[in-house]
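Asker: Counted the way numbering that gives the first Met the number 0 counts, the sequence shown spans residues 0 to 172.
C-beta atoms are modelled at their ideal positions from N, C-alpha and C, and glycine is treated no differently.
Shown below is the structure under consideration.
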Amino acid sequence: MQRRMIVRGQFHEVGCAVREDGVIPAGMFLDALKKGAWSAPDESVPLDEQISDYHWFLHAIRHWANTGEPVYRSAVNALDDGVWEFRHGDKRLTFFDTDGNGAYAPKLPIRSHADSEAPNSQYWHIPYFDQQIRLGHAFTKVSQRTLAQDLLESRDTRKEDLAHDQPIRPDLD
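See below:
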């Protein structure tokens with residue numbers, strides 16, 4: 000399986016997660032934005048605005064890959080169980096990290112400055128992530144809280160993507 004790579008930076012390699020059926024949700028999201036064809040609850044989003052959003056996401060992802068930090072404080076947010084999101088306007092693109100071999104340890108936001116891995120950074124609350132970052136589920140946020148359905152899709156995408164990376168073991172007879 001060939002993974003769609005977005006950027007190889009100094010800190011992270013960012014690629015798209017792959018679902019069990021081969022669907023690449025983040026790739027579909029980015030492609031749709033690039034064409035101005037992302038379907039949203041408010042269908043009146045102008046074509047130019049979606050194309051601009053596409054460029055914003057690419058810039059934010061490249062910045063993260065090269066610096067290990069968001070482009071600004073509210074550009075990245077922790078969601079649930081180690082799933083994070085790039086956020087721009089009402090559009091969200093989830094991500095998680097992995098060792099690239101199917102293993103995963105949730106990276107949770109740091110609550111105490113004393114526990115920070117980077118106490119001198121303005122982003123001290125963001126933990127260090129593994130080198131491999133996977134872009135997962137994309138959605139348009141329609142309420143103040145992220146919908147349970149979008150959280151579930153994000154976790155399911157992560158689970159299915161990690162399964163792609165696990166070594167194939169021959170069945171024992």
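By a C-beta neighbour count over all protein chains shown, 10 Å radius and 16 as the cutoff for buried, is residue 105 buried or exposed?
Answerer: Locating residue 105 in the sequence shown gives position 106, where the first residue counts as 1. Label assigned to residue 105: exposed.
Asker: Please classify residue 7: does DSSP put it in a helix, a strand, or coil?
Answerer: The count along the sequence shown starts at 1 and reaches residue 7 at position 8. Three-state DSSP puts residue 7 in a strand.
Asker: Whose C-beta lies closer than 6 Å to the C-beta of residue 65 among residues of the same chain, with five residues either side of it excluded?
Answerer: The sequence position of residue 65 within the sequence shown is 66, counting from 1. Same-chain partners within the cutoff: 8 and 9.
Asker: Considering only residues of the region 94-152, which uninterrupted beta strand (DSSP E) runs meet the minimum length of 3 residues and lie entirely inside it, listed in chain order?
Answerer: Counting whole runs of 3 or more residues, the region 94-152 contains the beta strand (DSSP E) stretches 131-139.
Asker: Tell me whether residue 19 is buried or exposed, calling it buried when 16 or more other Cβ atoms sit within 10 Å of its Cβ.
Answerer: Here residue 19 corresponds to residue number 20 of the sequence shown, with the count starting at 1. Counting Cβ neighbours within 10 Å, residue 19 comes out exposed, since fewer than 16 surround it.
Asker: Provide the residue span of the beta strand (DSSP E) that contains residue 12, from first to last.
Answerer: For the purposes of this step, residue 12 is taken as residue 13 along the sequence shown, with counting starting at 1. Per DSSP, residue 12 belongs to the beta strand (DSSP E) from 12-15.
Asker: List the whole-angstrom C-beta distance separating residue 32 from residue 50, where the pair is believed to meet the contact cut-off of C-beta under 8 Å.
Answerer: Position 33 of the sequence shown, counted from the start, is the residue given in the question as residue 32. Position 51 of the sequence shown, counted from the start, is the residue given in the question as residue 50. With 8 Å as the limit, residue 32 and residue 50 qualify as a contact, their Cβ atoms being about 7 Å apart.
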